[in-house]
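Heads up, the sequence shown is in the working numbering, so the first residue is 18 and it goes up one at a time.
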Amino acid sequence: MIESVTHRYLQGSEVPVEWRGTLSNVTYRYGGELRNASTIEVKTYNRLERKDIYNVIGIMKGEIEPDRYIAIGNHRDSWTLGSVDPTSGTATLLEITRVFGQMYKNDFRPRRSLMFCSWDAEEYGLIGSVEYVQEYVKVLGARIISYLNVDLAVQAAKMVPSAYDPPGVTVYDKWMNVNRNNVTNEPNMGYGLGSASDYYGFDQLIGSSNMDMRYTYNFADYGNPYSYPLYHTSYEVFSMMKNFIDPDFKYIDQAHRTIGQLWGVLTLLLSETPVLQFNVTRYATALIQAMNTL
Numbered sequence: 018m019i020e021s022v023t024h025r026y027l028q029g030s031e032v033p034v035e036w037r038g039t040l041s042n043v044t045y046r047y048g049g050e051l052r053n054a055s056t057i058e059v060k061t062y063n064r065l066e067r068k069d070i071y072n073v074i075g076i077m078k079g080e081i082e083p084d085r086y087i088a089i090g091n092h093r094d095s096w097t098l099g100s101v102d103p104t105s106g107t108a109t110l111l112e113i114t115r116v117f118g119q120m121y122k123n124d125f126r127p128r129r130s131l132m133f134c135s136w137d138a139e140e141y142g143l144i145g146s147v148e149y150v151q152e153y154v155k156v157l158g159a160r161i162i163s164y165l166n167v168d169l170a171v172q173a174a175k176m177v178p179s180a181y182d183p184p185g186v187t188v189y190d191k192w193m194n195v196n197r198n199n200v201t202n203e204p205n206m207g208y209g210l211g212s213a214s215d216y217y218g219f220d221q222l223i224g225s226s227n228m229d230m231r232y233t234y235n236f237a238d239y240g241n242p243y244s245y246p247l248y249h250t251s252y253e254v255f256s257m258m259k260n261f262i263d264p265d266f267k268y269i270d271q272a273h274r275t276i277g278q279l280w281g282v283l284t285l286l287l288s289e290t291p292v293l294q295f296n297v298t299r300y301a302t303a304l305i306q307a308m309n310t311l
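Structure below.
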C-alpha cells in the first residue's frame, strides 16, 4: 500500500539520498501534493474517551513585587514517546526548577514571583495551558509580565551556534554571526509567536511579553520542511536521541545546558530588574507585522 501510493501518486522534490528508504521502484519525495489532483481515503478507528488532564504549577513568591509574575513552561504530553518534543524541553525545565529550588534553600528570594509550569494536553489543541489562562484571565492579564516557553530544547544533530564554542563567545555573538539583520545591526528575531504551542494563551489572550526558544538548523538548507523529519513519529525515542542527534551524548548535554542557562538567566533578569525596559518602536513594528499577516 505505502509503495503503491508513494510511487504512483506522491509529488514534490526528491529527498536527499540519506533520507531514502529501501523500497524498490520508489522515488522518495517530500510530498505535499498528489499527482493529477488525486485523493486518498484513509479510515481510522479511534476510541472516544473522556480523560482527566493535570497541569503542574509551582510558584516561588516574590519578596518585593509578589503580585507580578514571570512564568516559564513546557508541555509534558507527547505523540508517541516524544524524546525531542517535548522531553528535551521537559528535562531542561526540571533542571531549571531544581536549580531555583536550591537557590531558594540558600536564601534566594526573587523580586517578582516565579511560576514553573508543566502543561498537559498540549498536543490536543493546547488544552492545558489555554484552559488555565482562560480560567485566570483577569488576574494573569493584570499581573503577568512574561511567559518563556521551551518545547524542543534541541532539535538538530549538527553542532549548533554557541553551545560548543570556546569561552568568551556568547550566545548573542554567535546569533549575530549567523543571523544578522543588516538594517538594525542586531540578530533577526521574529515578531509574533502564532499558536503552535503553550505561549498562545499568554500571547493572544492576555498580551504579555513572551518568548519561545530552541536550538535548530537552517531550514533553507533542507528544502524548508515544517520541522525535523522524525517530528511526531514513532521513531522519536531515546535511542534516536542517543544514536543520531548526539552519539554517546558528547554534545547535546552542552546544548541543553546552554538553553537552560539562557532560559534561567532571562528568568532572573525579568524577575530581578527593578525597571524593565520597553521599546515602543519595536512594539509598533510587531503590531504592524501582526496586522499585515491577518
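The beta carbon of each residue, even a glycine, is placed where N, CA and C say it ideally should be.
Problem set entry | Span separating the alpha-carbon of Lys-78 from that of Leu-157 | 15 Å
Exercise. According to the neighbour-count rule (16 or more other Cβ atoms, all chains shown, within 10 Å of its Cβ), is Phe-261 buried or exposed?
Worked result: By the neighbour-count rule (16 or more Cβ atoms within 10 Å), Phe-261 is not buried but exposed.
Exercise. Do you know offhand how far Tyr-164's Cα is from Gly-218's?
Worked result: 10 Å
For this session: For Asn-16, write down the residues that DSSP places opposite it in a beta bridge.
Result: As displayed, the chain neither begins before 18 nor continues past 311, which places residue 16 out of reach and without an answer.
Exercise. Does the distance from the C-beta atom of Leu-169 to that of Gly-106 stay below 8 Å?
Worked result: yes
Problem set entry | Helix, strand or coil at Trp-96 according to DSSP, with G and I counted as helix | coil
Problem set entry | Nearest residue (CA-CA) to Arg-115, options Val-101, Thr-104 and Phe-133 | For Arg-115, the closest alpha carbon among the candidates Val-101, Thr-104 and Phe-133 is that of Phe-133.
Exercise. What residue does the beta strand (DSSP E) around Phe-133 start on, and which one ends it?
Worked result: Note, Phe-133: beta strand (DSSP E), 129-136.
Exercise. Do you know offhand how far Ser-251's Cα is from Trp-96's?
Worked result: 8 Å
Exercise. Can you pull the DSSP bridge partners for Asp-52?
Worked result: First, the residue type needs correcting, since residue 52 is Arg and not Asp in the sequence shown. Bridge partners of Arg-52 according to DSSP: none are assigned.
For this session: Quick one: residues in its chain with C-beta nearer than 8 Å to the C-beta of Pro-246, no 5 flanking neighbours on either side, listed in chain order?
Result: By the criterion of a C-beta distance shorter than 8 Å, Pro-246 is surrounded in its chain by Trp-36, once the five residues flanking it on both sides are discounted.
For this session: Return the residue from the list Glu-152, Glu-203, Tyr-121 and Leu-311 that minimises the CA-CA distance to Glu-80.
Result: Selection Glu-152, Glu-203, Tyr-121 and Leu-311 evaluated against Glu-80 yields Tyr-121 as nearest (Cα-Cα).
Exercise. How many whole angstroms separate the CB atoms of Tyr-208 and Ala-307, which I take to be in contact at a CB cut-off of 8 Å?
Worked result: Correct: roughly 7 Å between the Cβ atoms.
Problem set entry | Candidates Val-32, Asn-53 and Ile-162, of which the one nearest Val-43 by Cα | Val-32
Problem set entry | For Arg-197: DSSP bridge partner residues | Pro-204
Exercise. What is the DSSP secondary structure of Val-177, counted as helix, strand or coil?
Worked result: Any answer about Val-177 is weak, because its pLDDT of 44 lies below 50 and its placement is not dependable; what the coordinates show is given next. Three-state result, Val-177: coil.
Exercise. Anyone know if the C-beta pair for Ile-76 and Ser-130 falls short of 8 Å?
Worked result: yes
Exercise. What's the gap between the Cα of Tyr-234 and the Cα of Ala-173?
Worked result: Their backbone Cα atoms lie some 6 Å apart in a straight line.
Exercise. Looking at C-alpha atoms only, which residue of Val-254, Thr-290 and Asp-94 is the closest neighbour of Gly-142?
Worked result: Asp-94
Problem set entry | For Gly-218, the first and last residue of its enclosing alpha helix (DSSP H) | Membership of Gly-218 in any alpha helix (DSSP H) is not indicated, and neither H nor E is assigned to it by DSSP.
Problem set entry | Bridge-paired residues (DSSP) for Glu-77 | Checking the sequence, you will find Met at residue 77 rather than Glu. Met-77 is bridged to Leu-131.
For this session: Starting from Met-120, trace the alpha helix (DSSP H) both ways and give me its first and last residue.
Result: Looking at the DSSP string, the run of the alpha helix (DSSP H) that includes Met-120 is 104-122.
For this session: Could you check what DSSP says for Gly-185 in three-state terms: helix, strand or coil?
Result: coil
Exercise. Hey, Ile-223 and Ile-161 are a contact pair by Cβ (cut 8 Å); roughly how many whole angstroms apart?
Worked result: 6 Å
Problem set entry | Ala-213 - DSSP class collapsed to helix/strand/coil | Coil at Ala-213, not helix or strand.
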